[in-house]
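Chains as they are written, first to last, in this note's numbering: chain A, 1 to 236; chain B, 1001 to 1387.
Written as structure tokens, this is what we have:
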């Protein structure tokens, strides 16, 4: 069952007196529990597509349905609610809140859901256990390594158990060891919680973990491959 | 609640920048309370002194009497009825007879007002008992300002010329029985107090008075043809003076407050510019733009809460100290009712109003730059793009 359905999606940005077409006639769908990557060179439209799926941006033409809701028709409040309940984000630069501790950064996602204190504490500790950071709960982001920061970001995105996690270049600032660690963590969570992960990346290391790779080129879907890691791909 | 929690975390996390703003704002806050407290203290003391020395709890005036029109003095007097005399005996009223005169202190000429006051009265603080003497002659008491202006001192004599009820001039040598110190210039400047009986005899107005001063336990209501002038009327000039002083002081307070608020405004603009990624993250995590605007507004407004706490830390001991020792202005002679030492008065209302002023204005200046967030594109904010 598709939880993300994109049809004839076009996204244009005003540039000077004209427009730049970042996405052109994109048709895609993602089901529950997918572990998919949007790959392509810079400017191919990966982040733009991720932003539209995450309801941070709206299509210029076409439709994008996420959790059966049309992104173009959502009000600011409705799109905020959609993100709050169903979508987690992981950013290249972690985007942790600098004045909060690890615990508070993870807890923040649940504060927005008005979860009660006991449940919240339990959920935060569980999320930190997933990423192996229970010993760092009182540390602030500036006391952590890049890998640890990204693990906090994963815990923050996963703590509310969203249906979809959107990760924009999550390993771009990490070394090889940390990248693998992060990806293994996300792969594990994908399996355990059946969360749909969509990555925007051009990192070869990330691609090796993907079960599906959508290649974008000049704003269009160039290839959409299902991989079972036994070299059996379904090329569209 | 979440916004408040986040705001304080962010504020405290910002470190020195926050404390710099808080210090300036707390200084403005303390100064506003101090200056208004000083004026309120002056106001209260001024009212108290004026009541104690000049107007009592209100006055009954002869219908023709107008203190602003000296021509009325000659005709504004009436006999004291039995009823009035009963109140006088009970200490609930004290009559004052007013007559214009010319004094010749040390050979110079000066217009003065002769006021006849009952030496036994206890309603006003004027030391009228000094007029009670068995010595022969006419005795008078004057205030310190009058004494300085006329270069007279206790025991000195001065020629006084006046007109009686028929307009006939008469003159007499009077002796200064005492010089009193008073904070209320109208009681002092150009005033000579002599015994009521003596002035009635001098003006051929036996048993007559121009006005009656009431005590705080006077409950007689309307009194024959006498016109009652309440405290609001009698203190009107003083209220106007304090209002004018407050108006002048408010300019300084506004300048100081504006400086402090500019610092907050500037911090907010810088904060929003520098924290665009954070704003984008809040939105990505599911906050609405208005919720983020709320966080930043509360954060700016929270400066004022911290300022109140910091201000209280050094302001309360300072205010307690000033409340004990007062602020001494020496012996000012500015023609206005002011005591040598003013004890500032900090009312709950003053503190609450000052707090509200600072909190509301800090919140407004925080909201103005924060509005920009509502127009931010979350995707640009996440990139930290200049918008």
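For each residue, glycine too, the CB sits at the ideal point set by N, CA and C.
Check                                                                                                                            : Outcome
Which listed residue (B:1176, B:1008, B:1347, B:1067) has its alpha carbon closest to that of residue 1237 (chain B)             : B:1067
Distance CB(residue 1279 (chain B))-CB(residue 1373 (chain B)) smaller than 8 Å                                                  : yes
Test: residue 1274 (chain B) CB closer than 8 Å to a CB of chain A                                                               : no
Minimum C-alpha distance to residue 1093 (chain B) - residue among B:1079, B:1075, B:1060, B:1099                                : B:1060
Check whether residue 77 (chain A) and residue 200 (chain A) have beta carbons under 8 Å apart                                   : no
Own chain residues within Cβ distance below 7 Å of residue 1171 (chain B), not counting five before or after                     : 1159, 1160, 1161
Touching by the beta-carbon criterion (3+ pairs, under 8 Å), the region 1186–1196 of chain B and the region 1141–1152 of chain B : yes
Contiguous beta strand (DSSP E) assignments of at least 3 residues, all confined to the region 147–188 of chain A                : 164–168
Identity of the residue in B:1002, B:1361, B:1036, B:1014 nearest residue 1348 (chain B) by Cα                                   : B:1036
Euclidean distance between Cα positions of residue 1382 (chain B) and residue 1250 (chain B)                                     : 44 Å
Contact residues within the region 87–103 of chain A, judged by C-beta distance below 9 Å to chain B                             : 87, 88, 89, 91, 93, 95, 96, 97, 98, 99, 100
Member of B:1016, B:1026, B:1137 whose CA lies at the smallest distance from the CA of residue 1261 (chain B)                    : B:1026
The region 134–145 of chain A contacting the region 94–108 of chain A, beta-carbon criterion three pairs below 8 Å               : yes
Min CB distance residue 76 (chain A) to chain B below 8 Å                                                                        : yes
Simplified DSSP state of residue 1232 (chain B), which is helix, strand or coil                                                  : helix
Burial state of residue 222 (chain A) (16 or more Cβ within 10 Å)                                                                : exposed
Per-residue DSSP class, three states only, for residue 1427 (chain B)                                                            : Within the shown structure, residues of chain B are numbered from 1001 to 1387, placing residue 1427 (chain B) beyond reach of any answer.
Partner residues on chain A for residue 1390 (chain B), Cβ-Cβ distance less than 9 Å                                             : For residue 1390 (chain B) there is no data in the structure shown, the boundaries of chain B being 1001 and 1387.
Whole-angstrom distance between residue 148 (chain A) and residue 138 (chain A), CA atom to CA atom                              : 13 Å
3-residue-minimum beta strand (DSSP E) runs that sit fully inside the region 1162–1205 of chain B, ordered along the chain       : 1169–1180, 1191–1195
Residue 1321 (chain B) burial status per 10 Å Cβ neighbour count (16 or more: buried)                                            : exposed
Under 9 Å by beta carbon: chain B residues contacting residue 57 (chain A)                                                       : 1377, 1378, 1379
Residue 236 (chain A) classed as buried or exposed, judged by whether at least 16 other C-beta atoms fall within 10 angstroms    : Per-residue confidence for residue 236 (chain A) stands at a pLDDT of 36, beneath the threshold of 50, marking its modelled position as unreliable; the derived number appears in the next sentence. Answer is exposed; the Cβ neighbour count stays below 16.
Sheet register partners of residue 1063 (chain B) (DSSP bridge)                                                                  : Beta-bridge pairing links residue 1063 (chain B) to no other residue.
Within 8 Å, strictly: CB atoms of residue 12 (chain A) and residue 55 (chain A)                                                  : no
8 Å contact criterion, which residue 1176 (chain B) and residue 1152 (chain B) should meet: CB distance rounded                  : 5 Å
Contact residues within the region 1252–1270 of chain B, judged by C-beta distance below 7 Å to chain A                          : none
Close Cβ partners of residue 1040 (chain B) (< 6 Å) along its chain, the five nearest in sequence each way excluded              : 1345
Proximity winner among B:1014, B:1048, B:1114, B:1088, relative to residue 1100 (chain B) (alpha-carbon distances)               : B:1114
Extent of the continuous beta strand (DSSP E) to which residue 1218 (chain B) belongs                                            : No beta strand (DSSP E) holds residue 1218 (chain B); DSSP gives it neither H nor E.
Beta bridge counterpart(s) of residue 1116 (chain B) as assigned by DSSP                                                         : B:1097, B:1194
C-beta neighbour in chain A for residue 1288 (chain B), strict 8 Å                                                               : yes
Cβ shell of residue 187 (chain A) (< 8 Å), same chain only, five flanking positions each side left out                           : 35, 209
Chain A within 8 Å of residue 1372 (chain B), Cβ atoms only                                                                      : no
Touch test, the region 1310–1329 of chain B against the region 113–130 of chain A, Cβ-Cβ under 8 Å, three pairs minimum          : no
Backbone CA spacing between residue 196 (chain A) and residue 1272 (chain B) [nearest angstrom]                                  : 33 Å
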